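Take a look at the structure below.
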Amino acid sequence: MPLGERQELQKLEAELQAPREAEHLPPAPLSWAAEAEEFLSLSSPSPSSSSLSSSPSSFALFPDTPEDGSAAGSPSPPQSPLSACPPPSAGAAAPWSLSEDISGSAQEEEGSGPGLEPGAAPPPLQTTLHLKAAHLVAFLLLKYRTQQPTSQAEMLEVIGNDAQVPFPVILGQASQCMQLVFGVHVKEVDPGDHSYVLVPVLGLTCDEMLSGEQGMPKNGLLVYVLGVILLEDDRAPEEEVWEALPFMGVYAGQEHIIYGEPRELLTKVWVQEGYVEYRQVPGSDPARYEFLWGPRAHAETSQLQMEEYFLRLNPGQSASALALCEEAVRDEREGA
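Residues in the sequence shown are numbered consecutively from 28, following my numbering.
Structure (C-alpha cells):
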C-alpha cells in the first residue's frame, strides 16, 4: 500500500472509531446523500422522476435525509432529494481520492470558482469519469462471474483511452465500487503487463457459483453483516442488524437491485451456506432472534481480518460506490 494511502487510513481510524461506537455500527458509516443521487442522475441516460421515487433501490440512497421528517431508517424517500442535498462542489475532493488534476481541469474548462451553486451541472470531465467507471464495473462483473483475468489493454478496449481522464483514476473508482458493494478485490498480479485478477475480499467464497442475472455478487453485503455481528460482541440481535442495513441501502422486505430479497438472503441462504447462524435467543418470550458468525465464516476469515478491513474503508466513498454499481447493473441488464 502506498505510504500516502496508509497515512490516510491511519487518520481515518482515529476519526471513525468514536462515532461508530456511539452508533453501534461497524467503523465505516455508509451515508446516502446528494452524491449518490447526483451519481445516478449523471449515469442514467434518461431517468424519470417517477422511476427514481418508486424504486426500492433508490429509496436506499436517502435513509437519513432530515428534511423528510420521518424516522431514521425509514424507507420513504424524501420529496426532493436533489434540492434537500445539493451536489458536492467541483473543488471538493471527489470519491476514491480523485486526482486534483481532474477536478482542476474541470474547473478551468467551466471557468468556475471553487464550487458549484446548488443544482448546477457537474463538470463534464467528472461526468465522463463516472460514466466510464460504470462501464468498467459492468465489464469487471462479467470477468468475475466467468473467473477470467483481465488486463489494462483489455479494459481500455471497453472504456477507450482518454488523455483528460487517466486510466488509473477510472480503474481506482471502479475498483473501490467492486470492493465496497460487491466485495470483490481487483488485484494486480503483474505490474509489468498490467494484468489483474478478481478475487473475493477476506477470502469469503460465497459467490463461487455465480451465473446469470441471479449471480450478482453479494459478498459486500455479507462482509458488512459479519461486521455488524462482530461489533455486537459476536451475537447481534436481529433488530440491530436490520437497523444497520439501511447504511448499505437495504431494507427488510424490499427487493434490492444487487442483493435481492434481504430477509431470505440473511435468514435462509447464508444460514444454509454456513456463513451466519440465525437462532432464537434462549428464554426469550416473546421470541427474539439473533445473528452469529457461522462455521464457514470462521473457517474462511478471521475477526482480526474483519476489523482491519473495516478500518480501511473511507465513509466518503460509499454513496458513490453504491450508485455506480447500481448503474452498472442496470446497464448490464438492459444490454442483456
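Beta carbons: idealized from backbone N, C-alpha and C, even for Gly.
Predicted model, so just to flag it, every value in this text is computed and none were measured.
Compare the C-beta of residue i against all C-beta atoms of chain E and say whether one is closer than 8 angstroms.
i: Q330; result: No chain E is present in this structure, which holds just one protein chain.
Do residue j and residue i count as a contact pair if the criterion is CB distance below 8 angstroms?
i: I186; j: L156; result: no
i: R315; j: E270; result: no
i: Q281; j: H221; result: no
i: E334; j: L319; result: no
i: V268; j: V255; result: yes
Where residue i and residue j are concerned, what is the direct C-alpha to C-alpha distance, given to the nearest angstrom?
i: A165; j: P309; result: 45 angstroms
i: V317; j: L207; result: It is worth fixing the name first, because residue 317 is Glu in this sequence and not Val. Approximately 25 angstroms between the Cα atoms of the pair.
i: S175; j: L169; result: Per the sequence shown, residue 175 should be read as Gln rather than Ser. Taking the straight line from one Cα to the other gives about 9 angstroms.
i: T232; j: G210; result: 10 angstroms
i: S238; j: R172; result: Here S238 scores only 49 on pLDDT, less than 50, and its place in the model should not be relied on; the value that follows carries that caveat. Answer to the nearest angstrom: the Cα atoms are 6 angstroms apart.
i: D217; j: P313; result: 57 angstroms
i: P330; j: L257; result: One detail in the question is off: residue 330 reads as Gln in this sequence, not Pro. Looking at the two C-alpha atoms, the distance is approximately 7 angstroms.
i: L272; j: R306; result: 19 angstroms
i: D261; j: G321; result: 11 angstroms
i: D189; j: R339; result: 30 angstroms
i: V192; j: L249; result: 33 angstroms
i: F337; j: M275; result: 14 angstroms
i: A263; j: P151; result: 45 angstroms
i: H162; j: L183; result: 11 angstroms
i: G287; j: Y251; result: 16 angstroms
i: A279; j: R290; result: 6 angstroms
i: F194; j: L292; result: 36 angstroms
i: W297; j: Q200; result: 29 angstroms
i: A160; j: S311; result: 48 angstroms
i: Y302; j: E259; result: 16 angstroms
i: F66; j: T154; result: The predicted position of F66 is uncertain, since its pLDDT is 36 and thus under 50; a value taken from the coordinates is nonetheless stated next. For F66 and T154, the distance between alpha carbons rounds to 9 angstroms.
i: L158; j: T177; result: 20 angstroms
i: E300; j: T294; result: 11 angstroms
Just to confirm my understanding: we take residue i, look at its own chain, exclude 5 residues before and 5 after, and list those with CB closer than 7 angstroms. What are they?
i: V213; result: L167, S202, M205, Y223 and L225
i: E327; result: G230, L231 and T232
i: L253; result: W320, A324 and M333
Give me whichever residues DSSP pairs with residue i in a beta bridge.
i: Q307; result: Y316
i: L225; result: V213
i: G230; result: In DSSP, G230 forms no bridge with anything.
i: S329; result: In the DSSP output, where bridge partners are listed per residue, S329 has none listed.
i: A263; result: F318
i: G287; result: H283
Which same chain residues, not among the five before or five after residue i, have their C-beta less than 8 angstroms away from its C-beta?
i: N246; result: F209, G210, V211, P227, V228, L231, C233 and D234
i: E181; result: none
i: E215; result: H221, S222 and Y223
i: G219; result: none
Leaving aside the five residues before and after residue i along the sequence, list all residues of the same chain whose C-beta is less than 6 angstroms from its C-beta, in chain order.
i: M243; result: I285
i: A99; result: The pLDDT assigned to A99 is 36, lower than 50, so where the model puts this residue is not dependable; a value taken from the coordinates is nonetheless given after this. Correct list: empty, nothing qualifies.
query = What runs of the alpha helix (DSSP H), each 4 residues or longer, lie entirely inside the segment 159-221?
reply = Fully enclosed alpha helix (DSSP H) runs of 4 or longer: 179-186 and 194-207.
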